[in-house]
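Quick note, in my numbering, the sequence shown goes up one by one and the last residue is 1667.
Before any comments, here is the structure.
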Amino acid sequence: MKTILEGRPRLAAEINKVAETAGYLWQKGWAERNGGNITVNITEWIDETIREMPAISNVLPIGTTLPLLKGCYFYCKGTNKRMRDLARAPMENGSVIRILDDCAHYVIIADQPVLPTSELPSHLSVHNYLLETGSPYRASVHTHPIELVAMTHCRRFLEKDVATRLLWSMIPETKAFCPRGLGIIPYQLPGSMALAEATIRELADYDVVMWEKHGVFAVDTDVMAAFDQVDVLNKSALIYIASKNMGFEPEGMSEEQMREMSIAFHLPK
Ligand code: 13P
Ligand code: ZN
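Printed below as a string of structure tokens:
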């Protein structure tokens, strides 16, 4: 099977990072069945030959109009595809799409007509927002991390920055490597425009947002970095749970220790 990645090492390297991350998501137990999705803005690795490739799908609606995405290209996990399969065969379990000039429709151009994730409205709205704000971020990851999702079944953790402060206080690395914390988005229907709109609103203040009782949505420069932010947050959730399982409420780092961290690492909050 001929692939768009052949003879394009930079593009191939980017897709390999997606495959590697998909494997981690499966190993972590965060990607049951088809759970989770990844998209990457790959426009900077697209050459003239790709730009001239014909569509291999019908013209499909995004569900909204996203002006910054005109002529952009994305790698998208396929809807109903498994992360554990994508880890082995990224171009059979995902596809490359081109956003059309009306900024409201797209076509699939390679390698196979695999329909993109059902969370495409959120992913593309977020990529549009990132370009609009001049962000260097090009990757977004949605996944179902068990312990972080479990926390959203408790009202207290849905209040602004309550979960963030608790997670930061479990181990110094979490604040250092997820310095904007965890935003909270009240429950919305998966795949909906309402969820997409709430996600971009919350990304103004956070790199990782929690979709209540569903999963997280993270953005960063590449897919590995987005995964890392979720990984450090979930590590903190595991430390919290381990402490509770040992029969005590964890003490957490003190406000003073957290302030010292912020100054030493030049953190924003
Ligand atoms: P997709 O298989 O359509 O990507 O959906 C998975 C998911 O996690 C939806 O929220
Ligand atoms: Zn999901």
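Glycine included, each C-beta is placed from N, C-alpha and C at the ideal position.
Problem set entry | CA-to-CA distance, serine 1634 to methionine 1644, given in whole angstroms | Reading the sequence shown from its first residue, position 246 is the one you call residue 1644. Reading the sequence shown from its first residue, position 236 is the one you call residue 1634. Straight-line Cα distance between these residues: approximately 15 Å.
Problem set entry | Of the listed residues Pro1584, Ser1641 and Ile1637, nearest to glycine 1613 (C-alpha basis) | For the purposes of this step, residue 1613 is taken as the residue at position 215 of the sequence shown. Comparing Cα positions, the closest option is Pro1584.
Problem set entry | Unbroken stretches of the beta strand (DSSP E), 3 residues or longer, contained in the region 1587 to 1645 | Complete beta strand (DSSP E) runs here, min 3: 1606 to 1609 and 1613 to 1618.
For this session: Report the three-state DSSP secondary structure of glycine 1421 (helix, strand or coil).
Result: Here residue 1421 is taken as the residue at index 23 of the sequence shown, counted from 1. Three-state DSSP puts glycine 1421 in a helix.
Problem set entry | For glycine 1581, the residue or residues it bridges with in DSSP | Mapped onto the sequence shown, residue 1581 falls at position 183. DSSP lists Val1607 as partners of glycine 1581.
Problem set entry | Cβ neighbour criterion (16 or more within 10 Å) applied to asparagine 1632 | By one-based count along the sequence shown, residue 1632 stands at place 234. Flag for asparagine 1632 reads buried.
Exercise. Using 9 Å as the limit for Cβ to Cβ distance, is threonine 1447 near chain B?
Worked result: The structure shown contains no chain B, having only a single protein chain.
Exercise. How would you call lysine 1573, buried or exposed, if buried means at least 16 neighbouring beta carbons within 10 angstroms?
Worked result: Working through the sequence shown from its first residue, we reach residue 1573 at position 175. Classification of lysine 1573: buried, given that the 10 Å Cβ count is 16 or more.
For this session: Please classify serine 1516: does DSSP put it in a helix, a strand, or coil?
Result: In the sequence shown, the residue the question calls residue 1516 occupies position 118. In the three-state reduction of the DSSP assignment, serine 1516 falls in the coil class.
Exercise. Rounded to the nearest angstrom, how far is the Cβ of glycine 1492 from that of glycine 1476, given a contact under 8 Å?
Worked result: Your numbering for residue 1492 matches position 94 in the sequence shown. Your numbering for residue 1476 matches position 78 in the sequence shown. Between glycine 1492 and glycine 1476, the beta carbon gap of about 5 Å places them in contact (Cβ cut-off 8 Å).
For this session: Find out if the Cβ-Cβ distance for the pair leucine 1466, proline 1519 is shorter than 9 Å.
Result: For the purposes of this step, residue 1466 is taken as residue 68 along the sequence shown, with counting starting at 1. For the purposes of this step, residue 1519 is taken as residue 121 along the sequence shown, with counting starting at 1. Not a contact, by the Cβ cut-off of 9 Å.
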